[in-house]
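Please read the structure below before turning to the comments.
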Amino acid sequence: MQTTKATRTQVAIVGAGPAGLFLSHLLHRQGIESVILEHRTREEIEGTIRAGVLEQWVVDLMNGMGLGGRMMREGHFHSGITLRFDRRSHHIDMAELTGGKRVTVYAQHEVIRDLVSARLEDGGSILFGVSDVQFHDLDGKAPRVSFRRGPDAPPEELRCDFVAGCDGFHGPARQAIPAAARAEYQIVYPFGWLGILTAAPPSHPELIYANHERGFALLSTRSPEVQRLYLQVDPRDDIANWPDDRIWSELHRRLEEDAGWSLTEGAIFQKGIIAMRSFVCETMQHGRLFLAGDAAHIVPPTGAKGLNLAVADVLVLSRAIDAYYKSGGMEGLEGYSATCLRRIWKAERFSWYMTTMLHRNEQDSPFEQRVHLAELDYLVHSRAAMTALAENYVGLPME
Ligand code: FAS
Ligand code: PHB
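Residue numbers (UniProt numbering): 1 to 399.
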C-alpha cells in the first residue's frame, strides 16, 4: 500500500501572497517554523499586478524586519492625495493632518519579490506549484494539510500545530470552516476598474482620485517611467472593447481640469478589468485554522486597504501563536477573529465610503448622486473631514 510522505512543521501556511509571506517572516523572527504551500509558480506570483499603496505602519514594519531596502530606494513617498471633481483639484495634505504620516507607492508584486527572496535566503520553506490542498483534523491539536507537489505527484501530508489560511478570496481555506459556523457579509458593486500600466512619465506629483460625470478615474504611479491608471467600467465588460485610444480618450475626459493640467500618454503594456466587492467572513477561525487577508475579507481598492489589512491580520496572528508557544496562553488565539474584525470593519467602512463617494453608480437615485457630490464638497472644505480621511488612508494605528 502506498504510504503518504509526511513532514512536520509548527505552522502550515496556505498561500504565498502578502498574508502568507509576511506571516512566515514574522514567525521566523519569533523562532517559529512554518512551511508555505503555494498553488502558483514563483514567476506567476511575482508577476501578478495588483496593489500599489503601503500604509505608514506597514512600511515601518518592513524596515523594522530588514525587508524594506529596495522599497526605500524604489518606492514613492506620498504625503498627500488630490481629489478632483467639477474639473477642480483639491489637495489633501495627509502628512500635515496626521502628524507626518505618509503612504508609500510600491507595487505589490515588488513586495512579493522582496519577501520571497528574503525568506528563501534565510532558509524558509516555500513549496510552489502545489495542488489538491485539503485540510484535516482542524478541530484537534494535530491538524494536517494534505497536498501534491504537482497534479501527477503522490499525495503528501504536512503535520502541524496551526494552519494559516492565506489563500485569498478563491482559496479553499474559508470553505474549511463549516457553513453553519460562518456568517458572510457582502456588497457586489455594479462597477469595476479597468487598470493599465503605461510607459510614460508621471503627469502629477501625487495620486488623483477623480469623480466625473462619465465615471471614476484614478491616476497612480509605479516609477518615473511607468504609470498606473484606472477607469470605472462595467465589470462585465470585455477588455477587447477597450483599445488603447478609447482608454486614453476616457482618461483625458474624466481627469480634465479647468486649470489646464494635461495627462501624458505612453505605450500601454498591461491592461485588465477587475470586479469590485466588499466582503467579510465572520468568524476567521475554526479549531486550529486561522484565516488571514483576502481569504477572510475583500475591500474595493478605492481605499488602498487590501494588502495592508492582510498584513494587520498576520501581525495579530503571529503575536498570538508566539504567546502560545512561549506561555501556553490561548487568549490571543481565542480572540484572534474579534481582534482582527475590529480593524477590518473600519477598513471596510472607509473603502465603501471612498468607493460610493467617488464612483458614479447608475443604481443611485438622483438624490443619492447629489449627496455624494455634497460629501465631496463638504470634505474638501472641512479640516475635520479631511483629517478623518487622512488618518484612515495613511493607516489607523495598530493596537
Ligand atoms: P492573495 O490573493 O494576494 O494571495 C493568495 C495566494 O494564495 C495566491 O498566491 C494564490 O495563488 C494562493 N492560493 C490560492 N488558492 C490556493 C490553493 N488552493 N493552494 C495553495 N495556494 C493557493 N489592494 C490594494 O490595496 N490596492 C489595489 O490596487 C489592489 N488591486 C487589486 C487588483 C486585483 C486584480 C486583485 C485580485 C486584488 C487587488 N487588491 C488591491 C487587493 C489585493 O492586493 C489583496 O488585498 C492582497 O493580495 C491580499 O493578500 P492575500 O490575503 O495574501 O491574498
Ligand atoms: C495603485 O497604485 O494600484 C492604487 C493606488 C491607490 C488605490 C488603488 C490602487 O486606491
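The beta-carbon is built from N, C-alpha and C at its ideal position, and this holds for glycine as well.
Contact check, residue 150 vs residue 125, beta carbons under 8 Å: Locating residue 150 in the sequence shown gives position 150, counting from the first residue. Locating residue 125 in the sequence shown gives position 125, counting from the first residue. It is not a contact, given that the beta carbons lie outside the stated cut-off.
Cβ neighbours of residue 237 in the same chain (closer than 7 Å, five flanking residues each side left out): For the purposes of this step, residue 237 is taken as residue 237 along the sequence shown, with counting starting at 1. For residue 237, where only same-chain residues beyond five positions count, the Cβ hits under 7 Å are 273.
Residue 222 CB to nearest heavy atom of the ligand FAS below 7 Å: As a working mapping, residue 222 is identified with position 222 in the sequence shown. Not so, every heavy atom of the ligand FAS lies at least 7 Å from the Cβ.
Proximity test, residue 302 beta-carbon vs the ligand PHB heavy atom, cut-off 7 Å: Taking the sequence shown and counting its residues from 1, one reaches residue 302 at position 302. Yes, since a heavy atom of the ligand PHB falls inside the 7 Å radius drawn around the Cβ of residue 302.
Residues of its chain near residue 210, where Cβ-Cβ distance is below 6 Å and the 5 sequence neighbours each way are ignored: In the sequence shown, the residue the question calls residue 210 occupies position 210. These residues qualify, in order along the chain: 84, 217, 254, 255.
Element boundaries [beta strand (DSSP E), containing residue 14]: On the sequence shown, residue 14 is found 14 positions in, with the first residue counted as 1. Counting along the chain, the beta strand (DSSP E) containing residue 14 begins and ends at 11–14.
Beta-bridge partners of residue 169, as assigned by DSSP: Counted from its first residue, the sequence shown places residue 169 at position 169. Looking at the DSSP assignment, residue 169 forms no beta bridge with any residue, so it has no partner.
Any beta strand (DSSP E) of 3 or more consecutive residues that is wholly inside the segment 187–255: 192–199, 208–212, 215–221, 226–233
Local Cβ density within 10 Å of residue 343, reported as buried at 16 or more and exposed below that: Position 343 of the sequence shown, counted from the start, is the residue given in the question as residue 343. Result: buried.
Contact test: residue 40 Cβ vs the ligand FAS heavy atom, cutoff 7 Å: Here the question's residue 40 lines up with position 40 in the sequence shown. Yes, the Cβ of residue 40 comes within 7 Å of a heavy atom of the ligand FAS.
Collapsed DSSP secondary structure at residue 270 in the structure displayed: Looking up residue 270 in the sequence shown gives position 270. If DSSP states are grouped into helix, strand and coil, residue 270 belongs with the strands.
Bridge partner(s) assigned by DSSP for residue 148: Position 148 of the sequence shown, counted from the first residue, corresponds to residue 148. Beta-bridge pairing links residue 148 to 131, 155.
Proximity of residue 46 and residue 87 at Cβ, strictly below 8 Å: Counting from one through the sequence shown, the residue named residue 46 turns up at place 46. Counting from one through the sequence shown, the residue named residue 87 turns up at place 87. Taking 8 Å as the Cβ cut-off, residue 46 and residue 87 do not qualify as a contacting pair.
Cβ-Cβ separation, residue 48 to residue 77 (assumed contact under 8 Å), whole Å: Residue 77 sits at position 77 when you count from the first residue of the sequence shown. Residue 48 sits at position 48 when you count from the first residue of the sequence shown. Between residue 48 and residue 77 the Cβ distance is about 24 Å, and since that is not below 8 Å, they are no contact.
Residue 51 Cβ short of 7 Å to the ligand PHB heavy atom set: In the sequence shown, residue 51 corresponds to position 51, counting from 1. Flag set: Cβ of residue 51 near the ligand PHB.
Beta strand (DSSP E) runs contained entirely in the segment 271–355, provided each spans 3 or more residues: If you keep only unbroken beta strand (DSSP E) runs of at least 3 residues inside the segment 271–355, you get 277–282, 289–291.
Contacting residues, own chain, Cβ-Cβ under 7 Å from residue 389 (five flanking each side not counted): Counting from 1 along the sequence shown, the entry for residue 389 is found at position 389. The answer, listed in chain order, is 92, 379.
Contact test: residue 105 Cβ vs the ligand PHB heavy atom, cutoff 7 Å: Stepping through the sequence shown from its first residue, residue 105 is reached at position 105. Under cutoff, so the answer is yes.
At least three beta-carbon pairs within less than 8 Å, the segment 178–193 to the segment 280–296: yes
Extent of the continuous beta strand (DSSP E) to which residue 93 belongs: Position 93 of the sequence shown, counted from the start, is the residue given in the question as residue 93. That run of the beta strand (DSSP E) goes 88–93.
Near the ligand FAS: residue 166 beta-carbon under 7 Å from a heavy atom: Numbered from its first residue, the sequence shown carries residue 166 at position 166. The nearest non-hydrogen atom of the ligand FAS is less than 7 Å from the C-beta of residue 166.
Opening and closing residue of the alpha helix (DSSP H) in which residue 26 lies: Here residue 26 refers to the residue found at position 26 when the sequence shown is read from its first residue. Start and end: 18–29.
Beta-carbon spacing of residue 166, residue 8 below 8 Å: Taking the first residue of the sequence shown as 1, we reach residue 166 at position 166. Taking the first residue of the sequence shown as 1, we reach residue 8 at position 8. No, the pair does not count as a contact, with Cβ atoms beyond the cut-off.
Three-state secondary structure assigned by DSSP to residue 380: Here residue 380 refers to the residue found at position 380 when the sequence shown is read from its first residue. In this structure, residue 380 counts as coil in the three-state DSSP scheme.
Residues that residue 162 bridges to, as DSSP identifies them: The sequence position of residue 162 within the sequence shown is 162, counting from 1. According to DSSP, which records beta bridges pairwise, residue 162 is partnered with 11.
Boundaries of the beta strand (DSSP E) in which residue 105 is found, first to last residue: As a working mapping, residue 105 is identified with position 105 in the sequence shown. Judged by DSSP secondary structure, residue 105 falls within the beta strand (DSSP E) whose first and last residues are 103–105.
Distance between residue 111 and residue 158 (C-alpha atoms, nearest Å): Start at 1 with the first residue of the sequence shown, and residue 158 comes out as number 158. Start at 1 with the first residue of the sequence shown, and residue 111 comes out as number 111. Going from the Cα of residue 158 to the Cα of residue 111 covers about 27 Å.
Same chain, Cβ closer than 6 Å to residue 259, neighbours up to 5 away in sequence not counted: Translated into the one-based positions of the sequence shown, residue 259 becomes position 259. Closer than 6 Å at Cβ, skipping near neighbours: no residue.
Residue 310 vs residue 292 beta-carbon contact at 8 Å: Position 310 of the sequence shown holds residue 310. Position 292 of the sequence shown holds residue 292. Against a cut-off of 8 Å, the Cβ pair of residue 292 and residue 310 comes out as a contact.
Residue closest to residue 315, alpha-carbon to alpha-carbon, out of 304, 290, 301, 329: Position 315 of the sequence shown holds residue 315. Taking only the C-alpha atoms, the option nearest residue 315 is 290.
Three CB pairs or more closer than 8 Å across the segment 264–273 and the segment 225–240: Put simply, the segment 264–273 touches the segment 225–240. At least three CB pairs are less than 8 Å apart.
Three-state secondary structure assigned by DSSP to residue 257: For the purposes of this step, residue 257 is taken as the residue at position 257 of the sequence shown. Coil, per DSSP.
Bridge-paired residues (DSSP) for residue 184: Taking the sequence shown and counting its residues from 1, the one referred to as residue 184 is at position 184. Bridge partners of residue 184: 281.
Inter-residue Cα distance where the pair is residue 299 and residue 141: Here the question's residue 299 lines up with position 299 in the sequence shown. Here the question's residue 141 lines up with position 141 in the sequence shown. In a straight line, the C-alpha of residue 299 is about 33 Å away from that of residue 141.
Sequence-distant residues of its chain with Cβ nearer than 6 Å to residue 208 (five each side left out): On the sequence shown, position 208 is the one that residue 208 refers to. Here the set comprises 82, 84, 219.
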